[in-house]
Structure formats: structure tokens, C-alpha cells
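Residue 162 is where the sequence shown starts when you use this note's numbering, and the numbers rise one by one after that.
Glycine is no exception: its CB is placed at the ideal position from the N, C-alpha and C atoms.
All of these numbers come straight from a predicted model, not from anything done at the bench.
Notes follow once the structure below has been shown.
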Amino acid sequence: VTEPDKNQLKYYLLRQKQFAEQQNELKELAAFPAVTTDGHQVAIAANIGVVEDVGGALESGSDGIGLYRTEFLYIGREDLPDEREQFEAYKAVAQKLNGKPVIIRTLDIGGDKEIESFAHPEEANPFLGWRGIRISLSKPNVFKTQLRAILRASAFGNILVMYPMISGVEEVRQANNILVAAKTELRAEGQPFDDNLKVGVMIEVPSAAVTADIIAPAADFFSIGTNDLCQYTLAVDRINEKISDLYQPLHPAILRLIKNVIDVSHQHGKKTTICGELAGDPAATLILLGLGLDEFSMSSSSIPQIKKIIRSVSMQKAREVAERALAMQTPRQTSEYAVDVLRDLGVIGV
Ligand code: PEP
Ligand code: MG
Numbered sequence: 162v163t164e165p166d167k168n169q170l171k172y173y174l175l176r177q178k179q180f181a182e183q184q185n186e187l188k189e190l191a192a193f194p195a196v197t198t199d200g201h202q203v204a205i206a207a208n209i210g211v212v213e214d215v216g217g218a219l220e221s222g223s224d225g226i227g228l229y230r231t232e233f234l235y236i237g238r239e240d241l242p243d244e245r246e247q248f249e250a251y252k253a254v255a256q257k258l259n260g261k262p263v264i265i266r267t268l269d270i271g272g273d274k275e276i277e278s279f280a281h282p283e284e285a286n287p288f289l290g291w292r293g294i295r296i297s298l299s300k301p302n303v304f305k306t307q308l309r310a311i312l313r314a315s316a317f318g319n320i321l322v323m324y325p326m327i328s329g330v331e332e333v334r335q336a337n338n339i340l341v342a343a344k345t346e347l348r349a350e351g352q353p354f355d356d357n358l359k360v361g362v363m364i365e366v367p368s369a370a371v372t373a374d375i376i377a378p379a380a381d382f383f384s385i386g387t388n389d390l391c392q393y394t395l396a397v398d399r400i401n402e403k404i405s406d407l408y409q410p411l412h413p414a415i416l417r418l419i420k421n422v423i424d425v426s427h428q429h430g431k432k433t434t435i436c437g438e439l440a441g442d443p444a445a446t447l448i449l450l451g452l453g454l455d456e457f458s459m460s461s462s463s464i465p466q467i468k469k470i471i472r473s474v475s476m477q478k479a480r481e482v483a484e485r486a487l488a489m490q491t492p493r494q495t496s497e498y499a500v501d502v503l504r505d506l507g508v509i510g511v
């Protein structure tokens with residue numbers, strides 16, 4: 162509104178004041194845990210790309226880093242980052258977190274992200290092509306260098322590692338073999354590292370979600386990447402604006418897959434995180450909580466409002482919401498229902 166009249170000005174000044182109050186209220190929540198009214202606590206972690214993101218994550222009240230996207234160390238340069246450079250970056254993040262967990266995801270390029278130091282083939286379907294763990298397994302020395310750096314940094318903080326774009330258990334076993342080789346080398350060199358480094362598998366390819374029971378014994382935890390899981394399950398390119406209305410993370414197919422992964426992880430005594438955008442979407446919070454999700458990892462800016470929602474509800478209510486959501490037939494019904502519940506709880510304004 163370029164030349165607001167008196168009433169418009171009054172209206173927007175009021176909105177501005179309300180927004181500032183809301184932000185302040187949310188900021189105060191940073192120090193509180195994400196615990197339901199009946200005492201069920203979940204972890205709220207932050208997604209980061211570079212060391213500089215850690216400050217914002219901690220200020221927002223994050224319980225750790227649920228996704229450290231390491232590709233930024235590799236992008237925009239002609240050479241590969243060596244072990245020392247990576248070690249310094251991972252160590253810096255771990256030290257800043259001061260004992261809180263940091264989940265480092267191994268290199269996840271391909272698809273729409275290329276790096277100059279690798280010759281990427283011309284691919285008709287890059288998102289179905291050479292990307293994520295597939296690249297790492299085809300370049301074992303590059304992968305081992307990254308794993309060595311992560312292992313060495315694990316001596317300085319609470320580090321976990323996870324593999325992206327896993328489609329079946331064989332890839333996990335191959336990656337774990339390279340991890341064992343990296344450990345053997347470091348041990349022989351007398352370098353300290355956490356021998357119990359926990360290994361997570363990203364569940365973002367539908368085949369991995371469906372075979373989570375087969376993958377579980379090879380992993381310590383699951384982290385669901387709903388951005389890619391949605392793209393592959395619904396056959397909707399996540400960056401194609403023309404079909405963005407079909408990109409529906411609350412689609413019953415996605416919710417069923419998420420439920421399966423969480424249930425399977427719990428049957429195996431393991432935990433599941435979500436680190437895709439859905440974890441920071443208020444319309445999904447109660448459903449994911451009710452399905453038994455153990456950790457939500459999101460952009461730092463979303464943390465206070467998700468905490469507010471979790472702190473306003475009982476686990477029993479969240480379970481009811483999840484059960485009803487799972488019985489719905491369309492994503493629209495599900496999100497309308499979820500928003501109604503938030504309105505009833507009085508947290509719709511956030
Ligand atoms: C995801 O796919 O949900 C995810 C977290 O990974 P990225 O967005 O980096 O592909
Ligand atoms: Mg992904």
C-alpha cells in the first residue's frame with residue numbers, strides 16, 4: 162500500500178504491534194523444553210548449513226543440530242575440501258554445541274546441486290540419477306575422507322553421522338564398511354575418535370520407508386527427509402512451480418509412510434527424527450507428535466512456534482489428532498482439521 166489512508170495506517174500499525182508482541186512471546190519460549198501438558202518430551206533441533214548458523218539455532222532454543230548439510234563445504238569451488246578443512250568445520254560446530262548432539266549428513270549433491278570438482282554426467286532425470294549416497298559410494302576415497310573428518314571431530318563433541326538418499330539396506334552396509342575402514346585407519350594412526358559414533362539413515366526414498374524394518378538393524382536411528390520423500394512418493398518435482406499445488410506433505414501416502422518408519426524404529430528400540438520442512442510446519446506438529454516422532458529438526462526461526470504448539474497440548478490429544486488425521490482421505494481435509502485443532506487450543510495466532 163504505497164499511500165495508505167488514515168484507517169489503513171492505523172490497521173497496519175496495530176498489526177505491526179501485535180506481530181512484535183507475538184515474536185517477543187515466542188522468544189521467551191526458547192528456554193523451555195518441548196514438553197506436552199502431560200509430560201511427554203520431544204527434542205527440537207535445528208537444521209544448519211554452515212558454522213555461522215549455530216548462533217541462531219542456540220538462541221532459538223534448539224536442543225541440538227538435527228541436520229548439518231555439509232554440501233556447502235563443497236559447493237562453489239574447483240577443489241574438494243580436504244580432511245583438515247572438514248575436520249575444523251565439524252569440530253567448530255560440535256564445540257559450539259557444547260555436548261548437545263550434532264547430526265552431520267554426509268555429502269548430498271546431485272539432483273539440483275552440482276559441485277565443480279566432480280564432472281556431473283548429463284542426466285535426463287537428475288533427481289533419479291547420480292546423487293546423495295550413490296555419489297559417495299562411487300567415490301569411496303572422497304567419502305572416506307569425509308568420514309575420517311567426522312570421526313576425528315567426534316572426539317570433540319556429541320557427533321552423529323547420517324547417510325542421505327538411501328534406497329535399500331545394501332547401500333547402508335556398504336557405507337558402514339567404509340566407515341569401519343576409516344576407523345581402522347584412524348586407530349592405526351593413534352587419532353582419537355568416538356568408537357560408538359551413531360549412524361543414521363535418511364528415509365527420503367519411498368523404498369527405504371517401506372523397507373524400514375530391513376534397514377533398522379543396520380542403523381542407530383532414522384531421519385525422515387520429507388522434502389524428498391514427498392517428491393518421490395507423489396511423483397512431484399519439489400522445485401517445479403507449475404505443479405507445486407500437488408506437492409502435499411500431508412497426503413495420506415506420506416503420513417502412512419511416516420507412521421511406518423516411526424513404528425518400525427520403536428520396535429527396534431531406535432528413534433526417528435524428521436528433518437524435512439514438514440517438521441517446522443504448524444499444521445503437521447500435532448500429527449507428528451501423536452505418531453510418536455522423537456525429534457523435530459527445522460529452521461531455527463520455526464523452533465519457538467513449534468515449541469509453543471507442543472507445550473499447549475497433551476500427548477493423549479495429539480494421539481487422537483494423529484489417529485483422525487490418518488483416517489482422512491485428502492491432504493486438504495487433514496490440514497483443515499489440523500488448523501481447527503490449533504484454533505481450539507488457542508495457538509492459531511502463532
Ligand atoms: C529432505 O529431503 O527432506 C531433506 C531434509 O534433505 P534436503 O532438503 O537437503 O534434500
Ligand atoms: Mg533430501
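Name the DSSP bridge partner or partners of residue i?
| i | result |
| --- | --- |
| residue 362 | 324, 383 |
| residue 229 | 209, 265 |
| residue 195 | 203 |
| residue 271 | 274 |
| residue 457 | 205, 435 |
If residue i sits next to residue j, beta carbons under 8 Å apart, how far is it from one beta carbon to the other, in whole angstroms?
| i | j | result |
| --- | --- | --- |
| residue 382 | residue 432 | 5 Å |
| residue 465 | residue 503 | Not quite, the Cβ-Cβ distance comes to about 15 Å (not below 8 Å), so this is no contact. |
| residue 415 | residue 390 | 6 Å |
| residue 195 | residue 468 | 5 Å |
| residue 498 | residue 480 | 15 Å between Cβ atoms; not a contact. |
| residue 377 | residue 426 | 6 Å |
| residue 255 | residue 317 | 5 Å |
| residue 265 | residue 251 | 6 Å |
| residue 273 | residue 400 | 6 Å |
| residue 227 | residue 208 | 6 Å |
| residue 293 | residue 325 | 4 Å |
| residue 375 | residue 330 | 5 Å |
| residue 332 | residue 358 | That pair is no contact at about 18 Å. |
| residue 440 | residue 462 | Contact flag wrong, Cβ pair sits at about 13 Å. |
| residue 211 | residue 267 | At roughly 16 Å, the Cβ-Cβ gap does not stay under 8 Å, so residue 211 and residue 267 are not in contact. |
As a quick exercise: from the options, pick the residue whose alpha carbon is nearest that of residue i.
| i | options | result |
| --- | --- | --- |
| residue 220 | 301, 271, 190 | 190 |
| residue 225 | 424, 492, 166, 260 | 260 |
| residue 434 | 385, 170, 194, 196 | 385 |
| residue 246 | 298, 273, 227, 311 | 311 |
| residue 470 | 198, 489, 242 | 198 |
| residue 253 | 320, 168, 285 | 320 |
| residue 475 | 461, 495, 491, 446 | 446 |
| residue 473 | 413, 201, 489, 180 | 201 |
| residue 423 | 285, 408, 370 | 370 |
| residue 456 | 263, 490, 313 | 263 |
| residue 379 | 387, 361, 495, 394 | 361 |
| residue 387 | 375, 406, 366 | 366 |
| residue 460 | 214, 204, 192, 163 | 214 |
| residue 483 | 216, 420, 394, 248 | 420 |
| residue 491 | 450, 436, 408 | 408 |
| residue 449 | 173, 411, 240, 297 | 411 |
| residue 258 | 235, 206, 288 | 206 |
| residue 288 | 398, 166, 462, 489 | 398 |
| residue 336 | 314, 301, 356, 171 | 301 |
| residue 232 | 167, 494, 296 | 296 |
| residue 356 | 494, 392, 393, 313 | 313 |
| residue 373 | 428, 352, 393, 406 | 428 |
Q: Starting from the N-terminal side, write out each stretch of the alpha helix (DSSP H) that is 4 residues or longer and does not extend beyond the stretch 292-330.
A: 294-299, 301-314
Q.
Does the structure place the stretch 344-353 close enough to the stretch 281-298 that three or more beta carbon pairs sit under 8 Å?
A. no
Q) So does the stretch 327-342 actually touch the stretch 297-317, counting three or more Cβ pairs closer than 8 Å? A) yes
(Q) Three Cβ pairs or more, each shorter than 8 Å: is that satisfied between the stretch 182-189 and the stretch 399-416? (A) no
Q | 3-residue-minimum beta strand (DSSP E) runs that sit fully inside the stretch 367-413, ordered along the chain | A | 382-385
Q.
In chain order, what are the residue ranges of uninterrupted alpha helix (DSSP H) at least 4 long that sit wholly in the stretch 332-359?
A. none
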